[in-house]
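Peer 1:
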Amino acid sequence: MTDPFVTPQDATAADAIAAIGEELDLFDDWMQRYQYIIELGRTMPPFPAEWMDDAHRVPGCQSQVWLEMTARDGVLFFAGASDAAIVSGLVALLLRVYSGRPAEEILATDSGFLRDLGLVQALSTNRGNGVEAMARAIRHAAAQVGA
């Protein structure tokens, strides 16, 4: 089985946020950015079907979203999936920022970057609330481990 957990491609969460901002800036309009985000979702590692249950479901999302976390040598890794293409891409963005980081770094990385990048404002209210709910779930899991 392929490892379902996302490994970081950027050295820090701050680097990931900066890289995402630069990548989004390459596109002229939000339709192109949406397509880019959808493509990101298609690059996610396969999420095990047995985790697509209520125990892994993120409340507060319009679409179904599932997350799982594991700790390896003091670093938290996340796996995620959604039943909607755009939301899968948003999961991929969040995991690029948060997965493969120590709990302290996750907790120090406020989800305000979603607004700073214009993501929340460019989405429907329900989708914007959902992506913020995903970030809260990730940060909550990190707080449980870091406590």
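No gaps in the numbering here: position 41 of the sequence shown is 41 in UniProt numbering, and each next residue is one more. Just so it is clear, CB atoms sit at the ideal spot from N, CA and C, and this is done for glycine as well.
#1: Can you give the Cα-Cα distance for G74 and V6, rounded to whole angstroms?
#2: Starting from G112, follow the alpha helix (DSSP H) in both directions and report where the run begins and ends.
#3: Can you give me the C-alpha to C-alpha distance between V87 and L123, rounded to a whole angstrom?
#4: Check this for me: beta carbons of R72 and S111, under 9 angstroms apart or not?
#5: Give every residue of the same chain whose Cβ lies closer than 6 angstroms to the Cβ of M44, excluding the five residues on either side of it in the sequence, and list them in chain order.
#6: Could you check where the beta strand (DSSP E) with G80 kicks off and where it finishes?
#7: For G60 versus G118, is the C-beta distance shorter than 9 angstroms?
#8: Starting from W30 and walking both ways along the alpha helix (DSSP H), at which residues does that stretch end?
#9: Helix, strand or coil for M69? Go by DSSP, reduced to three states.
#10: To the nearest angstrom, how far is it from the Cα of I17 to the Cα of L90?
#11: Select from F113, P102, D116 the residue whose C-alpha is nearest the C-alpha of S144.
Peer 2: In short:
#1: 15 angstroms
#2: That residue, G112, is in no alpha helix (DSSP H); it is neither H nor E in DSSP.
#3: 10 angstroms
#4: no
#5: A92
#6: 75–82
#7: no
#8: 30–42
#9: strand
#10: 13 angstroms
#11: One detail in the question is off: residue 144 reads as Gln in this sequence, not Ser. Checking every option, the nearest Cα to that of Q144 belongs to P102.
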